[in-house]
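See structure below.
Residue numbers (the UniProt record's numbering): 1 to 584.
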């Protein structure tokens, strides 16, 4: 038995003398007395937690075997106020890069102004804080169904939405829904198109009903339709496609000046920037590489607190150097409002018919991601990962995801779903307490309300954003690799994976391969045109095309008998045969 397994079998040796919170059963006087004791005593503020372990740096090659890990705080354990706030801030900062990246990329793809872009960042943070509270709540509905996981399940815009939205926006500019300007030398520049974002929100609002319906499908059926072979492939290609379409182009200076090397984007990030340079200049690559190296050094020498927010450390170090060297344009900070909230800026809600099929696929992908993320959250939170209670957590999480997609559209935010970043925070800090989760939500809402913070994020130079998001997207791809690595590959599995990657990798390497697929169709009606555009978007999105192929092949290809009864499976088959004999 491993040391970690031994520790888990002895919870009393690692858990503090925590009292369960019976707030629902206490009288008002008892609650007030408890609150007063928490606020007015040193024990209530700090407890006996090892804050030095949390905050002091570590040596990468030192003898760390004598270091004692802090106690584990369960979901409802009594938690010191300082520790609750510190862990809540840690969760919020760990989520921050993933929350600000999608609105920045959406705004860049649609050429939106800095005021609108700053609002989108603020709305994303506020929406995440509010809807994460729903996931934390675990509200009982009817017949054993719940809303929320009851775990620290922080939500943010799914990267599957980000990848699909890029293909949808490309289609809108191609079919004239959004206008473009053609320069004298033939360079095409996209005009600002906020209505495209409104159509994305309206379409996602309708399609969110699918994920709500999936929440009432038994998890075992979902796992049968979407096994690890499918989910691992999808997650791998989501990360890989975003590295190529967003991460690396921004690292080189910006995707705009990569695709339109003349006019206002002749230099990166534009000719109006404080120090514009050609795409891929050593200065731009160096800025991004500095942030990348900062992430690596934080992982080597940082304290547990810093390791969990290494992405923010990379952004901060890069911005300090970029500001000192004169690469930062501070106009977005000066024009950003001090205080903001939802609906300060609104978008015209609409529906883009060709986006319906791709967005339905996105919500199926969100349900698959949520299942895996909730399982990981339950495991690191030390609650059961099997049985009726766990199934209800998965059901409640998927339902909250679907409802979150509906409500987030009303919040002017792209669909929000469970993120996996907080699992690492729980595992390292050994704090799965929901009070810390509520503090995380409070910090996210605060960051969104303070409008100047959004202006700061918007002022970060493209190379720094690109380097950090490249690492972030690569981490997503690694998550997919991990899911696939845990499989016992059979010949059938290898065949399905190869067929799926044929489409997925083909889309990544040659993004325009399916763009002109239906150009030769003569005079189709409007409905048929919308269907053709939907198919084009699906086939042009790597993870959607690969996921579709994997699901179909997994359903129709027979399982070979010799593979089912080989190795460990043979013992399982023999035990099942003995059991059947006893029953007969």
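For every residue, glycine included, the Cβ atom is placed at its ideal position computed from N, Cα and C.
A quick note: this is a predicted structure, and the numbers were derived from the prediction, not measured.
Cα-Cα separation between residue i and residue j, rounded to whole angstroms
{"i": "residue 242", "j": "residue 31", "result": "49 Å"}
{"i": "residue 366", "j": "residue 438", "result": "23 Å"}
{"i": "residue 65", "j": "residue 82", "result": "Confidence in residue 65 is poor, its pLDDT being 48 and thus under 50, which makes the residue's placement too unreliable to answer from."}
{"i": "residue 320", "j": "residue 461", "result": "11 Å"}
{"i": "residue 463", "j": "residue 123", "result": "24 Å"}
{"i": "residue 449", "j": "residue 214", "result": "33 Å"}
{"i": "residue 646", "j": "residue 453", "result": "Residue 646 falls outside the range modelled here, since the chain spans only 1 to 584, and no answer is possible."}
{"i": "residue 298", "j": "residue 313", "result": "8 Å"}
{"i": "residue 429", "j": "residue 472", "result": "21 Å"}
{"i": "residue 87", "j": "residue 76", "result": "15 Å"}
{"i": "residue 530", "j": "residue 354", "result": "5 Å"}
{"i": "residue 647", "j": "residue 316", "result": "For the chain, the structure presents residues 1 to 584; residue 647 sits outside this window and is missing."}
{"i": "residue 145", "j": "residue 295", "result": "42 Å"}
{"i": "residue 512", "j": "residue 176", "result": "18 Å"}
{"i": "residue 505", "j": "residue 239", "result": "12 Å"}
{"i": "residue 191", "j": "residue 197", "result": "13 Å"}
{"i": "residue 286", "j": "residue 278", "result": "14 Å"}
{"i": "residue 93", "j": "residue 309", "result": "6 Å"}
Residue i, enclosing alpha helix (DSSP H) - first and last residue
{"i": "residue 430", "result": "Unbroken run through residue 430: none, as it is neither H nor E."}
{"i": "residue 306", "result": "304 to 308"}
{"i": "residue 154", "result": "Premise fails: residue 154 is in no alpha helix (DSSP H) and is neither H nor E."}
{"i": "residue 418", "result": "Run containing residue 418: none in the alpha helix (DSSP H); it sits in the beta strand (DSSP E), 416 to 418."}
{"i": "residue 180", "result": "Here residue 180 belongs to no alpha helix (DSSP H); instead the beta strand (DSSP E) covers 180 to 182."}
{"i": "residue 487", "result": "From DSSP, residue 487 is part of no alpha helix (DSSP H); its letter is neither H nor E."}
{"i": "residue 53", "result": "51 to 55"}
{"i": "residue 207", "result": "194 to 214"}
{"i": "residue 550", "result": "542 to 556"}
Limits of the beta strand (DSSP E) - the one that residue i falls within
{"i": "residue 190", "result": "188 to 190"}
{"i": "residue 335", "result": "Not the beta strand (DSSP E): residue 335 falls in the alpha helix (DSSP H), residues 331 to 335."}
Burial state of residue i (16 or more Cβ within 10 Å)
{"i": "residue 510", "result": "exposed"}
{"i": "residue 43", "result": "exposed"}
{"i": "residue 174", "result": "exposed"}
{"i": "residue 55", "result": "exposed"}
{"i": "residue 338", "result": "exposed"}
{"i": "residue 599", "result": "Past the boundaries of the shown model lies residue 599; the chain is included only from 1 to 584, so the question cannot be answered."}
{"i": "residue 443", "result": "buried"}
{"i": "residue 251", "result": "buried"}
{"i": "residue 401", "result": "buried"}
{"i": "residue 398", "result": "buried"}
{"i": "residue 22", "result": "Because residue 22 carries a pLDDT of 41, less than 50, the predicted location of this residue cannot be relied on, and the following value inherits that uncertainty. Residue 22 comes out exposed."}
{"i": "residue 205", "result": "buried"}
Nearest candidate by alpha-carbon position, reference residue i, set the options
{"i": "residue 491", "options": "306, 434, 229", "result": "229"}
{"i": "residue 390", "options": "150, 436, 245, 142", "result": "150"}
{"i": "residue 218", "options": "392, 401, 412", "result": "392"}
{"i": "residue 208", "options": "403, 138, 410, 297", "result": "403"}
{"i": "residue 497", "options": "454, 443, 547, 322", "result": "547"}
{"i": "residue 78", "options": "58, 98, 49, 97", "result": "49"}
{"i": "residue 427", "options": "529, 194, 397, 378", "result": "378"}
{"i": "residue 107", "options": "549, 535, 256", "result": "256"}
{"i": "residue 516", "options": "539, 500, 508", "result": "539"}
{"i": "residue 545", "options": "164, 85, 116", "result": "164"}
{"i": "residue 347", "options": "412, 301, 372", "result": "412"}
{"i": "residue 167", "options": "382, 542, 120", "result": "542"}
Cβ distance (whole Å) where residue i is taken to contact residue j below 8 Å
{"i": "residue 327", "j": "residue 172", "result": "At roughly 32 Å, the Cβ-Cβ gap does not stay under 8 Å, so residue 327 and residue 172 are not in contact."}
{"i": "residue 459", "j": "residue 332", "result": "5 Å"}
{"i": "residue 414", "j": "residue 194", "result": "Their Cβ separation, rounded to whole angstroms, is 14 Å, which puts residue 414 and residue 194 out of contact at 8 Å."}
{"i": "residue 121", "j": "residue 419", "result": "Between residue 419 and residue 121 the Cβ distance is about 16 Å, and since that is not below 8 Å, they are no contact."}
Cβ of residue i within 9 Å of any chain C Cβ
{"i": "residue 497", "result": "Among the chains of the structure shown, chain C does not appear; only one protein chain is present."}
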